[in-house]
Amino acid sequence: MTRPEPLPLAYQMRQADAAAIAAGTPGLTLMKRAGHAVAEAALRMAPPGARVVVAAGPGNNGGDGFVAAALLAGRDCRVTLALLGDRERLRGDAALAAAEWQGQAIPVREAAFDEADLIVDALFGTGLQRDLEGEARQAVERMNASGRPVLAVDLPSGIDSDSGAVRGAAVLAQRTVTFAARKPGHLLLPGRRFAGTVEVADIGIDPHARTSGVETFANSPGLWREALPRPGLDSHKYDRGHTLVLSGGATRTGAARLAARAALRIGSGLVTVASPPEALGINAAQLTAVMLRGCDGPEGLYAILKDERFNALLLGPALGVHAATRAMVTVAIHARRSLLLDADALTSFEGLASELHRVFHGAPAVLTPHEGEFARLFKGHPDILDPPSKLERARRAAAYTGAVVVLKGMDTVIAAPDGRAAINENGTPYLATAGSGDTLGGIVAGLMAQHMPAFEAACAGVFIHAAAGAGFGPGLIAEDLADLIPGVLRQLLS
Ligand SMILES: NC(=O)C1=CN([C@@H]2O[C@H](COP(=O)(O)OP(=O)(O)OC[C@H]3O[C@@H](n4cnc5c(N)ncnc54)[C@H](O)[C@@H]3O)[C@@H](O)[C@H]2O)[C@@H](O)CC1
Ligand SMILES: [K+]
1 MTRPEPLPLA YQMRQADAAA IAAGTPGLTL MKRAGHAVAE AALRMAPPGA RVVVAAGPGN
61 NGGDGFVAAA LLAGRDCRVT LALLGDRERL RGDAALAAAE WQGQAIPVRE AAFDEADLIV
121 DALFGTGLQR DLEGEARQAV ERMNASGRPV LAVDLPSGID SDSGAVRGAA VLAQRTVTFA
181 ARKPGHLLLP GRRFAGTVEV ADIGIDPHAR TSGVETFANS PGLWREALPR PGLDSHKYDR
241 GHTLVLSGGA TRTGAARLAA RAALRIGSGL VTVASPPEAL GINAAQLTAV MLRGCDGPEG
301 LYAILKDERF NALLLGPALG VHAATRAMVT VAIHARRSLL LDADALTSFE GLASELHRVF
361 HGAPAVLTPH EGEFARLFKG HPDILDPPSK LERARRAAAY TGAVVVLKGM DTVIAAPDGR
421 AAINENGTPY LATAGSGDTL GGIVAGLMAQ HMPAFEAACA GVFIHAAAGA GFGPGLIAED
481 LADLIPGVLR QLLS
């Protein structure tokens, strides 16, 4: 069974590190193991006798660089150590590591990066505190301009470990060796792009050994596979839930059908499209296994929801941006079913996020905005919109609304009101196609209809949707997605 993969924040990494030291492993030993892992990775990238330039910074990241430099010199590499700052000003473990480097340390501004077969970037890691300026920034820019392959130590220097943001400038690495666990900045864009292939070295720090804080995970099946619905021998279709998807008007019905088909494919026992009267004929002509009900506005929805068997609702795709949509959302919230709000259901609350402030009364709710919808919904809430970290923005939105928030993109973040969050990484640019989001909504609503908890349903839905799209690749259209779900499910459930 695969386990959830934690992605510690920088302060949590410091806690885990301190725990390892308190348990008896000296910091210098950890640093030597880290430097050893870097040297091994470097030897896999560099030819025998290679010219390696190690750029070392003023902290422990630089210390790892000194250890690697010494090991590489002992393995027939021609190593230049280029230091940012003064050797005398190194402190703690970094100073101890530097003392073991017999060679000279040239100032980083003198490093001939373009003559290197390999550059080892050990300028900054998790201790980056502000935007790069001056000599540090120039060093990064010269490394990138050299076009030589770069191996980053822990993180590409300039990438923020917690957010993946570029702080002024960042090293574009081919590979990154990180320690104990990947960090959010390795998965979030643009950090993911700068890190290249990421390798995790076990240096004897347990990434779980920390004393406080929120949980961040990679969105891999280990996080939610156990919670995936599996029908039992005696399951009845009603046990597998009944998803209700609201349709737009006569010229805007396709989105609901895409969502409905996806909900059925993911295993919702029954799926009904609730259609405005004028669109019933169009919907009827194109639905088979999915059922159809007339639904005239908020009153119509209220009447339908007297039937308690509709246990998961999807509102938003092509519903229209207006007060009637808001009214329907209100009806849906009061009905206390599992609820997924997307697209127009979110945009209808432009600047009115306060109306969604903790209104879900403990009923499972998932909001699936892309960045544009997120910005419109939380207009006037700088505390939610302003953090540069997508992870932090999604977390704050989830805490504010009390709903699971799926902030979509190539690095979709799924955040729960209790602070748990997951970062998705199996997306494909081919998913950026009309109707793709409607399908995602249908998948997540269909999982919730089968009683999967909202956070796990959202994480699983995002992963399955992406896996379906990635498996298809070029030429993908939203109509394909639902029919690709069974192949993905088969693998996950086997
Ligand atoms: N004991 C540990 O915590 C271990 C840490 N390790 C390494 O240590 C790194 C973390 O070390 P540190 O916490 O010392 O942090 P870093 O080495 O990442 O950077 C901190 C240093 O850079 C300076 N600095 C930060 N931002 C700057 C900026 N924008 N411009 C100029 N200077 C800046 C700080 O003043 C400080 O001197 C990890 O990324 C990892 O590579 C490994 O050795 C394994 C064990
Ligand atoms: K680095």
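Position 339, counted from 1, in the sequence shown is what the UniProt record's numbering calls 339; the numbers after and before it change by one each time, with no gaps. Note that CB positions come from ideal geometry on N, CA and C, so glycine has one too. Since the model is a prediction, treat every value here as computed from it, not as a measurement.
- With fewer than three CB-CB distances shorter than 8 Å, the segment 381-391 does not count as touching the segment 436-444.
- Scanning the segment 97-157 for uninterrupted alpha helix (DSSP H) segments of 4 residues or longer gives 134-146, listed from N- to C-terminal end.
- Per DSSP, the beta-bridge partners of His242 are Leu270.
- In this structure, the CA atom of Ser146 is about 16 Å from the CA atom of Ala136.
- Remark: the shortest separation between the CB of Ala136 and any heavy atom of ligand 1 falls under 7 Å.
- Looking at the DSSP output, Val366 shares a beta bridge with Leu340 and Val404.
- In the DSSP secondary-structure assignment, Val52 is bridged to Val79 and Leu118.
- The three-state reading of DSSP puts Thr330 in helix, counting H, G and I together.
- A check of alpha carbon separations from Gly297 across Leu305, Ala421 and Met291 identifies Leu305 as the nearest.
- Per DSSP, the unbroken beta strand (DSSP E) holding Glu199 starts and ends at Thr197 to Ala201.
- Relative to the non-hydrogen atoms of ligand 2, the Cβ of Val153 comes within a distance shorter than 7 Å of at least one.
- Using a cutoff of 7 Å, the CB of Asn60 does not count as near ligand 2, since none of the ligand's heavy atoms is closer than that.
- The C-beta separation of Arg337 from Gly402 comes to about 15 Å, leaving the pair out of contact by the 8 Å criterion.
- Rounded to whole angstroms, the separation of the alpha carbons of Ile205 and Leu71 is 22 Å.
- Ranked by Cα distance from His242, the first of Arg265, Pro221, Thr2 and Gly254 is Arg265.
- In the three-state reduction of the DSSP assignment, Met31 falls in the helix class, which pools H, G and I.
- Setting aside the 5 residues that flank it on each side, Leu188 is surrounded in the same chain by Ser163, Gly164, Lys390, Leu391, Asp411 and Ile423, each with a C-beta closer than 7 Å to its C-beta; the list follows chain order.
- Ala457 and Leu313 have their C-alpha atoms spaced approximately 14 Å apart.
- Asp86 is classed as exposed because its beta carbon has fewer than 16 other beta carbons within 10 Å across all chains shown.
- Around the Cβ of Asp342, a 10 Å sphere holds 16 or more other Cβ atoms; the residue is buried.
- DSSP, read as helix, strand or coil, puts Thr325 in helix.
- In the DSSP assignment, Phe179 falls within the unbroken beta strand (DSSP E) covering Arg175 to Phe179.
- The Cβ atoms of Val108 and Ala68 do not sit closer than 8 Å to each other.
- Restricting attention to Ala94, Gly49, Ser161 and Leu155, the CA atom closest to the CA of Gln174 is found in Leu155.
- The alpha-carbon separation between Pro4 and Ala218 amounts to approximately 7 Å.
- Two segments are said to touch when three or more pairs of C-beta atoms, one from each, lie closer than 8 Å; by this definition the segment 231-249 does not touch the segment 11-29.
- Of Gly372, Arg240, Leu377 and Ala365, the smallest CA-CA separation from Glu355 is found for Leu377.
- For ligand 2, a non-hydrogen atom lies closer than 7 Å to the CB of Gly125.
- Around the beta carbon of Gly134, fewer than 16 other beta carbons lie within 10 angstroms, which makes this residue exposed.
- A residue is called buried once 16 or more other Cβ atoms fall within 10 Å of its Cβ, and Pro184 is buried on that count.
- With respect to the C-alpha of Asp131, the residue from Ser161, Glu115, Asp121 and Glu110 having the closest C-alpha is Ser161.
- Within the segment 393-456, the alpha helix (DSSP H) runs of at least 4 residues that lie entirely inside it are, in chain order, 436-449.
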